[in-house]
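**Student:**
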Amino acid sequence: MADLSATTTLASGRALPLGIVLPAIVVGFYVLAAVIGPILLGFDPVATSLADRLKPPMTALANGSLSLLGTDAVGRDLLAQMLAGARISLAVGAATLVLASLIGVALGVVAGYWGGAVDTVVMRIADIQLGFPSILLAVLVAAVIGPSLTNVILVLAVTRWVVFARVARAQTLTIKSRTFVDASRTLGATDAHIIINCILPALVAPILVVATVQFGLVIVAEASLSFLGLGLPVGIPTWGGTISAGRSYLANAWWISTMPGIALSILVICVGILGDTLRDRLDPNLVTR
Amino acid sequence: MPPATPSERCLTVSDLAVGFAARGGTILALEDISFHVDAGETLSLLGESGSGKSVSAQAIMALLPDTAVVSSGTVRFDGKDLLALPRRETRRLCGTEMGMVFQDPLTALNPVFTVGDQIAELFRVRQGLGRRAAREAAADVIDTVGIPDARRRLGNYPHQFSGGMRQRLVIAMAIALKPRLLIADEPTTALDVTVQAQIMDLLGRLQREHNMAMLLITHDLGVVADVTDRVAVMYSGRIVETGDVRRVYDRPGHPYTRGLLASVPATAGGGKHQPLATIGGLPPNPQRRPQGCTFHPRCPFAQDICRTERPPMVDLGNGHGATCHFAREMVADDRLFA
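Protein chains in written order, with the working numbering: chain P, 1 to 289; chain C, 290 to 627.
So this is what it looks like as C-alpha cells:
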C-alpha cells in the first residue's frame, strides 16, 4: 500500500490513506446528489414529452433545456430520473442493511454465545433459508404483503439476515473462547457486559465488510423485484426500475440502462473499497502487525 | 514460614472431581482433589501439562467449559460453597474477593479498548466510582505494578505494551479490587526468563502488601521453590504429594516428585556435565488410567501392590503427605538422598 499512502489527516492526528478518503468522497457525493439533486432538478414521473423520446445524451430538448444523459422512452430526462432514483435506491439499500444486520447480529450473537437449543433452531432456519433461492423467497413474501417502500425493505431484510447471522455467530464463537473474555469473567463481568464490550466490538469489522458486499446485491435485488412488478410502485423512480425499463431499448437507446448501471457500479465499487480499508483500519492488531 | 497473624483459612477444596463429556462416557480430569490456602500464604499446584492444574483453577473461578461436569466435591470460599452458588453470585465474588492472572498476557486484555478504559471501567462498574475518580484509581493501580509513566500510558492500547508489561497490566486488573485470593495460572510461562523473575517478585510483593492468599499454578520447580510456602504435586488428575515446600523438596515421599526434582539440571556445584535425568514413559491416557497407583508403569520402585491397590494419602507428619504405598520408606531412606 506504500504507493497509495498519499495521506490526509483528520483531527485525531492519524493519517488517513487514500483508500479511505477517495471512496468516502465518492460515496459522500452520491449521498449529496440523492439529497439535493431532486430539489435542483425536479422529476415528475407522469410528465411525459413524446417529442423528446429516446434522445441521446447531450441533446437540446423541445423546451430548450439540455439533457445531459438523454431521455427515456416517454421523453423523461434521465439525469433527473437517476437523481430521484438515487434517493430511493440509497435509502432502500441502507435501511435494508441496517434492519438485516440488526436482526442477523442479534440472532447470531445469541446463538453463538449461549449455544444449545437456541443455536440449533436459529442456525437450522438459516440453513433452510440459504437452501432456498433468495429472490424466490423475496417474490413470495412481496406477493403476499404487496408493493410499497416499507415492504420492499422488509422483504429484502428477510432475505439478507442469514448472512449477517452466520458471520456474527462464527465471530462470537471465536471471541468467547478468547482469554480476555475469561479474564473479564474473573473480574466479575456479566453476560451483557461481555457481549457489549468484548463481542460486539469484534463484530464491527466483519459485519462492515459483509454489509458493503451486500449493499450492491440489495440494490440489484430491489431492481429485480421492481422488474417483476413486486418492488416499488411504478410511480417511484429507482435505478433498478430505470435499468429494467431500458432493457427493451438496448439496441437503439443504450443510455437508458447504461447510465444508471454505471452509477450503480461506481457506487458499489466505492462502498466495497471503503469497507475493506475501514476493516483494516479498525482492527488494532492489523495496524501494527 | 508461618504468617505472623493466626492463619485464616481462605479457600478450601475438598474431594473435587471434574469430568469432561466425551464420546464413550466421561473422562475424569480431576479426582479426589483436596487442598486449602490460607490468607497470606502461597500454595503451588505443580504438575506437567494435562495433570489437571488449570482445570482446578477453572473450577474455582467458574470458568469450566460447558462440557465439564463437576461430579463431586466442594470449593469453600469465605464459608460459601462456590460450586453450589448460582453463577451470578460467583461472578459477584470475582474481582472483589478473588482474582486471576492468566498464562498468556498477549490475549488476556481486550484489544479494542485502551488499558485506561479497561481498568477504569472495573472501578466504575464494581465500585461505582465517577469517570475521573476511576481514571485516577486506574493510574494508581498500574503505577503499583511498576509500569513507568502510568498516567500517560492509560491512553495506550494493549498491543502497544511488551509481553512483560502486559502481564503487569493483567496483574493490575486482577488485584485492582483488592481480592483476598489470587489465582495465578502459569503467570510466567509465556514470558522471557529475565522478565519471569520480575513478575514473580511483583506477585510476591503484592501478596505481602495485601495479605492475599495465592494459588500458583505452574510446572516450574524453580518458581515453586522461590515463592511458595506449600506445594501440591499433581499427576494425572490427582494430588500425589502435598506439604511444606522445604520438606517436599528435601524429602519427597512420592517417586514422581523425586523424578521431577531429579530432572532439574544442576547448574550449581562446579558445572559437572551429567546427562539430564528423565522420568521414563508418558503420563497415562485419562480414558485408560492404569489400575492401582496411576504412576506404577513409570515408577522405578513399583511392587505388586502398586499394580492392584490404589495408595491412600500417607500422612508423613506436619502436613506432609504422599499417595504412595511406600511413602514412609521413601522419606526415611537416607541412602537415596546422600
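We put the CB at the ideal spot given by N, CA and C, even for glycine.
1. Can you have a look at R169 (chain P) and say buried or exposed, based on whether 16 or more other CB atoms are within 10 angstroms of its CB?
2. Once you ignore the five residues that flank V26 (chain P) on each side, which residues in its own chain have a CB closer than 8 Å to its CB?
3. Provide the residue span of the beta strand (DSSP E) that contains Y524 (chain C), from first to last.
4. Quick check: D474 (chain C) and F366 (chain C), are their CB atoms within less than 8 Å of each other?
5. Taking R420 (chain C) as the query, report the chain P residues whose CB atoms sit under 8 Å from its CB, ordered along the chain.
6. For T507 (chain C), report the span of its beta strand (DSSP E) as first-last.
7. G532 (chain C) bridges to which residues according to DSSP?
8. Does the structure place the stretch 430-441 of chain C close enough to the stretch 376-386 of chain C that three or more beta carbon pairs sit under 8 Å?
9. Name, going along the chain, the residues of the stretch 514-530 of chain C whose beta-carbon falls closer than 7 Å to a beta-carbon of chain P.
10. What residues match up with R365 (chain C) in a beta bridge as DSSP calls it?
11. Does the beta-carbon of I196 (chain P) have 16 or more other beta-carbons within 10 angstroms, so that it is buried, or is it exposed?
12. I want to verify the contact list: residues of chain P whose CB lies under 7 Å from the CB of T396 (chain C), in sequence order.
13. Please state the DSSP three-state secondary structure of G112 (chain P).
14. Say whether chain C places a C-beta atom closer than 8 Å to the C-beta of C198 (chain P).
15. Just verifying my parser: in three-state terms, what is the DSSP assignment at M58 (chain P)?
16. If I measure Cβ to Cβ from I568 (chain C) and keep anything under 8 Å in the same chain, skipping five residues before and after, which residues do I get?
17. For G444 (chain C) and S101 (chain P), what's the separation of their Cα atoms in angstroms?
18. Can you pull the chain P neighbours of G384 (chain C), defined as C-beta to C-beta under 8 Å?
19. Kindly indicate the opening and closing residues of the alpha helix (DSSP H) around T315 (chain C).
20. Counting C-beta neighbours from all protein chains within 10 Å, is the total for S333 (chain C) 16 or more, i.e. buried, or is it exposed?
21. Short check: CB of A84 (chain P) to CB of P38 (chain P), under 8 Å?
22. Taking only three categories from DSSP, how would you classify V46 (chain P)?
23. Quick one: is M58 (chain P) buried, meaning 16 or more other Cβ sit within 10 Å of its Cβ, or exposed?
24. In this structure, what does DSSP give as the bridge partners for L332 (chain C)?
25. Rounding to the nearest angstrom, what Cα-Cα distance links M123 (chain P) and L173 (chain P) in this structure?
26. Could you give the residue range of the alpha helix (DSSP H) that holds I472 (chain C)?
27. Quick check on the burial criterion: 16 or more other C-beta atoms within 10 angstroms. Buried or exposed for F29 (chain P)?
28. Pull the bridge partners of R527 (chain C) from the DSSP assignment, please.
29. Is it the case that the Cβ atoms of L504 (chain C) and L300 (chain C) are separated by a distance below 8 Å?
30. Could you check which residue in P:V163, P:A117, P:V118, P:Y113 has the C-alpha nearest to that of G131 (chain P)?
31. Do the stretch 78-94 of chain P and the stretch 218-225 of chain P make contact, defined as three or more Cβ pairs closer than 8 Å?
32. DSSP three-state call for M619 (chain C): helix, strand or coil?
33. Under 8 Å, do P572 (chain C) and E337 (chain C) count as touching if we go by C-beta distance?
34. Under 8 Å: do the stretch 574-585 of chain C and the stretch 500-514 of chain C share three or more Cβ pairs, one atom per stretch?
35. When we look at the beta-carbon of L140 (chain P) and count the other beta-carbons within 10 Å, is it buried (16 or more) or exposed?
36. T288 (chain P) to L16 (chain P), Cα distance in whole Å?
**Tutor:** The short version:
1. buried
2. I266, L267, C270
3. First-last of the beta strand (DSSP E) with Y524 (chain C): 519-524.
4. Cβ atoms of D474 (chain C) and F366 (chain C): not closer than 8 Å.
5. Those do not exist, as R420 (chain C) stays about 16 Å from chain P at its closest Cβ, beyond 8 Å.
6. 502-507
7. C:V520
8. no
9. For the stretch 514-530 of chain C, the beta-carbon criterion of a distance under 7 Å to any beta-carbon of chain P is satisfied by none of its residues.
10. C:T301, C:D370
11. exposed
12. R178, T179, F180
13. helix
14. yes
15. coil
16. Y545, G548, L549, S552, R587
17. 31 Å
18. Within 8 Å Cβ-Cβ: T186, L187, G188.
19. Careful: T315 (chain C) lies outside any alpha helix (DSSP H), inside the beta strand (DSSP E) at 314-327.
20. buried
21. yes
22. coil
23. exposed
24. Under the DSSP definition of a beta bridge, L332 (chain C) partners with C:L504, C:R519.
25. 13 Å
26. First-last for I472 (chain C): 470-474, but that is the beta strand (DSSP E), not the alpha helix (DSSP H).
27. Exposed is the call here.
28. Paired residue(s): C:Y524.
29. yes
30. P:V163
31. yes
32. helix
33. yes
34. no
35. exposed
36. Any reading at T288 (chain P) needs caution, since the residue's pLDDT is 39, under 50, leaving its predicted position unreliable; the model's value is listed next. Cα to Cα, the separation comes out at about 15 Å.
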